[in-house]
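Undergrad: Numbering (our numbering), first residue to last: 714 to 791.
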C-alpha cells in the first residue's frame, strides 16, 4: 500500500517514501507541534518521479495526517 501525507479538508495528497515509519513520524509531528518545531518528510505529488523534502511548520501540523492509501484510518500528526 502507498504511504500518504494528506492535508485535512483538501484533495492534496503526497506519496511518502516506503522507508518512512508512519507511527514514529506521526509521533514526531505531535512532538514538533507541541515544541514549536518544523518537520521534514520525503514525499512527492502523484505523477512525480522524484521525492523532495516537504517541510511542515508548527502551525501546519494540525492539518496533516499520515496513513496508507486504501488502508486503515490515518495516523494524525496534529
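The C-beta atom is built at its ideal place from N, Cα and C for all residues, glycine as well.
1. Report yes if the C-beta distance between residue 778 and residue 767 is below 7 Å; otherwise report no.
2. Taking residue 753 as the reference, give the member of 730, 759, 760, 761 with the closest Cα.
3. First and last residue of the beta strand (DSSP E) that includes residue 781?
4. On the DSSP bridge assignment, give the partners of residue 717 in chain order.
5. I need the straight-line Cα distance from residue 714 to residue 776, nearest angstrom please.
6. With a threshold of 6 Å (Cβ to nearest heavy atom), would residue 776 be considered close to the ligand GTP?
7. When the distance is taken between beta carbons, is residue 746 closer than 7 Å to residue 718?
TA: Taking the geometry as given:
1. no
2. 730
3. 777-781
4. 728, 780
5. 22 Å
6. With respect to the ligand GTP, the structure offers nothing, as it holds no ligand at all.
7. no
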